[in-house]
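**Student:** Residue numbers (numbering that gives the first Met the number 0): 0 to 251.
Please find one structure pasted underneath; my questions will follow.
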Amino acid sequence: MLLTDKTAIIYGAGGSIGGAVARAFAAEGARLHLVGRTRATLEAVAADIEDAEVAVVDALDEQADEEHLAGVGDVDVSFNLVTRGDVQGAPLTEMPVDDFLRPVTDGLRANFLTARAAGRRMAERGSGVILTLDSGSAHGSPMMGGTGPADAAIDTLVRNLAIELGPRGVRAVGMWAAGVPETFTVEKLSAVDPAIDAAAVQGIVEGLAQMRMTRRNPTLAEVAATAVFLASDHAGGLTGTFVNVTGGMVAR
């Protein structure tokens, strides 16, 4: 198995992608620490994993991050999948400043704090992998609010972490993923647009597929499998970069 004897922390493990990654990591032999802000969703994921540890921690809280990691001890993989509060679907000229800035400030803060806490410990041991995920929108996407600037900031953070920590045996890598159908539900989307129903969700999913080079949407299982590879020693030559899991929605 690819992750045997590796200890992994997943921040945002109660979400759709976080849960899928946690289950995939566990299937490959990793010891899991599932972190998030809602115990019920974390425990639902933990129920599918033998001996997974659950901790309610706000990744935006510097002291809470440090205290939790100090209790965990040695960590081989740190994966930040914390939601950023992105608001999309409105032109920038009509968007409130707080809605625009939230994904930038919250996303960068959460990724910096968790990466810094893990990176310090990994560097002392001489090994480790810091992972994150964004949508690959840094080069410009209309009607996406602060998502593009937030992605750009996180892309740069990963590259700089890789430059600084690489000589000490630590890799920093990210994934670009966007519009994974299994993450879409009527409940989630109707919070943004009350008119959304099941037919509308299906229309969105079909429209996303046509935006990709492959003309098909990547699955949650494919995203999780890519994360397993990046966390494993098989990806030892990869750092300071993002792997494109958008099916060609992002062409770079």
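Note that the Cβ used here is the ideal one computed from N, Cα and C, for glycine as well.
#1: In angstroms with no decimal places, state the Cα-to-Cα distance between Ala43 and Ala12.
#2: Could you check which residue in Ala208, Ala234 and Arg115 has the C-alpha nearest to that of Gly247?
#3: Ser15 lies in the alpha helix (DSSP H); which residues open and close that run?
#4: Please check the pair Gly28 and Asp85, which I expect to be a contact at CB under 8 angstroms, by giving their CB distance rounded to whole angstroms.
#5: On the DSSP bridge assignment, give the partners of Glu186 in chain order.
#6: Using only the alpha-carbon positions, how far apart do Asn216 and Ala198 sit?
#7: Below 8 angstroms, how does it come out for the segment 182-189 and the segment 131-145: are there three or more Cβ pairs, yes or no?
#8: So, for Met210: in the same chain, excluding its five sequence neighbours on each side, which residues have a beta-carbon less than 7 angstroms away from its beta-carbon?
#9: Could you please give the first and the last residue of the uninterrupted beta strand (DSSP E) stretch that includes Asn79?
#10: Quick check on the burial criterion: 16 or more other C-beta atoms within 10 angstroms. Buried or exposed for Met174?
#11: Among Val34, Gly118 and Thr225, which one has its Cα closest to the Cα of Val169?
#12: Is Glu52 helix, strand or coil when you go by DSSP?
#13: Quick one: give me the first and last residue of the beta strand (DSSP E) that Thr240 is part of.
#14: Is it right to say Lys5 is buried, meaning 16 or more other beta carbons lie within 10 angstroms of its own, or is it exposed?
#15: In the DSSP output, which residue or residues are listed as bridge partners for Ala171?
#16: I'd like the span of the beta strand (DSSP E) that includes Arg30, first residue to last.
#17: Could you check the C-alpha separation between Leu91 and Asp98 for me, to the nearest Å?
#18: Let me make sure I understand the geometry here. Which of Val76, Ala220, Ala45 and Ala234 has the alpha-carbon closest to that of Arg115?
#19: Distance check for Glu93 and Ser231, CA to CA, integer angstroms please.
#20: Thinking C-alpha only, which one of Ala176, Ala152 and Ala7 is nearest Val242?
#21: Look up Thr6 in the DSSP assignment and say whether it is helix, strand or coil.
**Tutor:** Considering the structure as presented:
#1: 10 angstroms
#2: Ala208
#3: Ser15 to Ala26
#4: In fact, because the Cβ distance is near 33 angstroms, the residues do not count as touching under 8 angstroms.
#5: Answer by DSSP bridge pairing: none, since Glu186 is not bridged.
#6: 17 angstroms
#7: no
#8: Met248
#9: Val76 to Asn79
#10: buried
#11: Gly118
#12: strand
#13: Thr240 to Asn243
#14: buried
#15: Ile129
#16: Arg30 to Gly35
#17: 10 angstroms
#18: Val76
#19: 44 angstroms
#20: Ala176
#21: strand
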